[in-house]
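Participant:
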Amino acid sequence: MISPIAWLKERIPVDGDQLAELSNEPVPNHLKRWWFALGGTPAYLFVVQIVTGILLAFYYEPSPRTAYGSVKYITDTAAYGWYFRSVHKWGATLMIAAVILHQMRVFFTGAYRKPREINWMIGMCLLVCTLMAGFTGYSLVYEQLSYWGTTVGANIGGSVPLIGPFMREMMLGGEAYNERTLSRLFIVHAAILPTLMVGLIVVHIALIRLQGVTEFQFKDEDQTKPRHFPFFPDHLYTELSIGLVLMILLSALATILPATLGPRADPLSTPEVIKPEWFFYVSFRWLKLFSGTFAVLSTGFIAFTMFIWPFIDGWIRRKSKYQEASVAVGIVAVLVIIGLTVWEAAVAH
Amino acid sequence: MDRRGFLSRASSIAMGAGLVGGYGVFAAMAGRFLYPARPSLKGWLFVIDVASMKPGASLTYTAPDGATIAVARQGLTGQVGDFIALSSTCPHLGCKVHWEGQNQRFFCPCHNGAFDPSGKAIAGPPKEAGQSLGRYPLRIENGLLFIEVPLEGLPGQEEA
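As you go down the protein sequences, you meet chains A and B in turn. Each residue of the first sequence is one higher than the one before, starting from 924 at the first, in the numbering used here. Each residue of the second sequence is one higher than the one before, starting from 57 at the first, in the numbering used here.
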């Protein structure tokens, strides 16, 4: 009589020790400081978004006739529907915040420098995907603000020279918002972006594993102590704890400040005060400050500069004596972003 | 067990309990969320003026959810007992039956089930299982015939 474990081992020839060895990457000590574990936070929130998103998709119906009603059904009638919708909404908010904080940490510690330039660029792609997921997700609610937000967003895209009108038509499935627009936005939100992001996250993490985490040593650390700790179980415990804390935080936010539902979209009347989600306040204010085409082109230029920043930074460091110029650039950028966001949040128009 | 070992054991148990409790509750809520919320809404809807339907006559009533219901008058008293409203859903496996005038029976094309005009099974699997066609409740008020049917699918309900 062959034991079930031996039977299984014969068919799945994986050695437990090998698995442990594979996953047991030594983790540098500085990861015990929580702000270095910020990359795991958006990854965890991404999983939360996938799970709650699949649940919501059971009841959501992406067409102008049914979308608002189905969101209302989820919010008011389905058991715990309000909870899952609110967790999805807050998960998106926290995910964008976590991605930005993670990016700031990487930027200010110079962790994007050679040989990690490509992983910075993959991270930028993930940032863009996250923002697009936020935009398309909000448009699915089909309430007044989300409808007009989508319309304005599509027209901003449409004002890009040359390719703008084409991009707008691809996004809306026609020259303007129509019967087939929501199903397009839904499939981008629920199928294309998540698939793309899973792929990017796999490469992002694979590159971290291949190159190792950038190592820091703080002055107050004991130089004689080992500089690494094992991934399993120490770092796994850290990540599991972060996950539970985030779940508690999400549940608390969902309960105290549940996702609301404004009036149904009315394509014939624009509300008096129209705002995008908070993470687009920056570009919204930027748009009001400059003329349409310049604002769009400058936004694209800034994004491109961020994308290739590791190379610009490398060039500055080779050619000049300002070795930490990126810190000054980063501080200015953060202040401008915070300033524009607060400005947009504070005024009605 | 020393203090360090105890703390390590205790924190592992706390972690396990947190994971099972936290995600377990989440999974239970997800299950409840996916289970259909409530039985569908029913309501009384007008069918026909009793006087305009003679004994022996029948009509096909279409409910808001699209189900067709055979309504027949079999008596003269003018009371609700004169009428029957038969579901067109075969009790065997849920196919739709249709009325065969020449054979005076309802016939289900899926497995050759047949029912007499009162809905009683006379052939096929429903007969072996002793199943009859389902009946809808009827009511007469001021000479008007009403039927109780599921309301879901009423146009305009979502906008309300």
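From the three backbone atoms N, C-alpha and C, an ideal C-beta is built for every residue, glycine too.
1. Assuming A:Leu1049 and A:Leu1123 are in contact, meaning their beta carbons sit under 8 Å apart, how far apart are those beta carbons, in whole angstroms?
2. For B:Tyr117, which beta-bridge partners are listed by DSSP?
3. Pick from A:Met1170, A:Thr1222, A:Gln1067: whose alpha carbon is nearest that of A:Ser1192?
4. Suppose contacts are defined by Cβ-Cβ distances below 8 Å. Is A:Leu1054 in contact with A:Ala1021 by that definition?
5. Report the rounded CA-to-CA distance for B:Ala73 versus B:Arg59, giving the unit in angstroms.
6. Leaving out five residues before and five after B:Ala107 in sequence, what residues of the same chain have Cβ atoms less than 8 Å from its Cβ?
7. Between A:Tyr1160 and chain B, is there a C-beta pair that is closer than 8 Å?
8. Can you tell which of A:Leu1167, A:Ile1019, A:Asp1236, A:Ile1254 has its C-alpha closest to the C-alpha of B:Leu75?
9. If you run the structure through DSSP and keep just helix, strand and coil, what is A:Ile1086?
10. Between A:Ala1002 and A:Thr1178, what straight-line distance do the alpha-carbon atoms span, to the nearest angstrom?
11. Assign B:Tyr192 to buried or exposed, taking buried as 16 or more other Cβ atoms, counted over all protein chains shown, within 10 Å of its Cβ.
12. Within this structure, are the beta carbons of B:Gly169 and B:Gly180 separated by less than 8 Å?
13. Identify the contact partners of A:Met1170 in chain B, using a Cβ-Cβ distance below 7 Å as the criterion.
14. Which first and last residues belong to the alpha helix (DSSP H) in which B:Cys164 is found?
15. Check A:Phe959 in the structure and name its three-state DSSP category.
16. Check the Cβ of B:Leu90 against every Cβ in chain A and list those closer than 8 Å, keeping chain order.
17. Identify the residues that DSSP records as bridge partners of B:Glu197: which are they?
18. Considering only C-alpha positions, which residue in the set B:Ser174, B:Ile69, B:Phe102 is nearest to B:Val205?
19. Could you work out which residues of chain A lie near B:Leu75, taking near to mean beta carbons separated by less than 8 Å?
20. Can you tell me whether B:Phe139 is buried or exposed, with buried defined as 16 or more other CB within 10 angstroms of its CB?
21. Pick helix, strand or coil for A:Gly1233, following the three-state DSSP scheme.
22. Using 8 Å as the limit for Cβ to Cβ distance, is B:Ala86 near chain A?
23. Counting contacts by CB-CB distance shorter than 8 Å, is B:Met109 in contact with chain A?
24. Does any CB atom of chain B fall closer than 8 Å to the CB of A:Ala1182?
25. Please determine, among B:Gly131, B:Leu132, B:Leu115, B:Phe162, the residue with the shortest C-alpha to C-alpha distance to B:Cys151.
26. For A:Asp999, report the span of its beta strand (DSSP E) as first-last.
27. Got a sec: is the Cβ-Cβ distance from A:Phe1007 to anything in chain B below 8 Å?
28. Whole angstroms are fine: how far does the CA of A:Ala1015 sit from the CA of A:Ala960?
29. With DSSP collapsed to three states, give me the class of B:Leu210.
30. DSSP state of B:Ser108, grouped into three classes?
31. Going residue by residue through the region 1094-1142 of chain A, where are the continuous alpha helix (DSSP H) segments of at least 4 residues, counting only ones entirely within it?
32. Just to confirm my understanding: we take B:Ser144, look at its own chain, exclude 5 residues before and 5 after, and list those with CB closer than 7 Å. What are they?
33. Taking 8 Å as the threshold, find out whether the region 1221-1232 of chain A comes into contact with the region 1093-1104 of chain A through three or more Cβ pairs.
34. Do we get a CB-CB distance below 8 Å when we pair A:Tyr1003 with the residues of chain B?
35. The beta strand (DSSP E) spanning B:Ala177 covers which residue range?
36. On a Cα-Cα basis, can you pick out the residue from B:Ala70, B:Ile178, B:Ala66, B:Gly112 that is closest to B:Leu132?
Facilitator: Well, looking at it:
1. Indeed, because the Cβ distance is near 5 Å, the residues count as touching under 8 Å.
2. B:Tyr117 is bridged to B:Ile125.
3. Considering only A:Met1170, A:Thr1222, A:Gln1067, the residue with the shortest C-alpha distance to A:Ser1192 is A:Gln1067.
4. No.
5. Their backbone Cα atoms lie some 21 Å apart in a straight line.
6. Closer than 8 Å at the Cβ level, and outside the excluded window around B:Ala107, lie Gly199.
7. Chain B contact via Cβ: present.
8. When A:Leu1167, A:Ile1019, A:Asp1236, A:Ile1254 are compared, the shortest CA-CA separation from B:Leu75 is found for A:Leu1167.
9. Of the three classes helix, strand and coil, the one that applies to A:Ile1086 here is coil, per DSSP.
10. Distance between the alpha carbons of A:Ala1002 and A:Thr1178 is about 14 Å.
11. Buried, because 16 or more other Cβ atoms sit within 10 Å of the Cβ of B:Tyr192.
12. Inclusion of B:Gly169 and B:Gly180 in the CB contact set at 8 Å is warranted, their separation being smaller than that value.
13. Correct list: Gly78.
14. Boundaries around B:Cys164 are those of the beta strand (DSSP E), 161-164, since no alpha helix (DSSP H) includes it.
15. Here A:Phe959 sits in helix by DSSP.
16. Among the residues of chain A, those whose CB is under 8 Å from the CB of B:Leu90 are Leu978, Phe981, following chain order.
17. BP columns for B:Glu197 point to B:Leu200.
18. The shortest CA-to-CA distance from B:Val205 to any of B:Ser174, B:Ile69, B:Phe102 is the one to B:Phe102.
19. Correct list: Leu1163, Leu1167.
20. Here B:Phe139 is buried: its Cβ has 16 or more other Cβ atoms, across all protein chains shown, within 10 Å.
21. Residue 1233 of chain A is actually Pro in this sequence, not Gly. A:Pro1233: helix per DSSP, three-state reduction.
22. Yes, contact with chain A.
23. Not closer than 8 Å to any Cβ of chain A, the Cβ of B:Met109 fails to qualify, so no.
24. Not an interface residue.
25. Nearest in C-alpha terms to B:Cys151, of all of B:Gly131, B:Leu132, B:Leu115, B:Phe162, is B:Phe162.
26. First-last for A:Asp999: 990-999, but that is the alpha helix (DSSP H), not the beta strand (DSSP E).
27. It does; some Cβ of chain B falls within 8 Å.
28. One C-alpha to the other measures close to 19 Å.
29. Since pLDDT at B:Leu210 reaches only 49, below the 50 mark, its modelled position is unreliable, and no value is offered.
30. Under the three-state reduction of DSSP output, B:Ser108 falls in the helix class.
31. Counting only runs of 4 or more residues that sit fully inside the region 1094-1142 of chain A, the alpha helix (DSSP H) segments are 1104-1110, 1116-1134, in chain order.
32. Ala123, Thr124, Ile125, Ala126, Lys152, Val153, listed in sequence order.
33. The region 1221-1232 of chain A, when compared against the region 1093-1104 of chain A, does not touch it at the 8 Å Cβ threshold.
34. Interface criterion met: the Cβ of A:Tyr1003 is under 8 Å from a Cβ in chain B.
35. Note, B:Ala177: beta strand (DSSP E), 177-179.
36. For B:Leu132, the nearest C-alpha among the options comes from B:Gly112.
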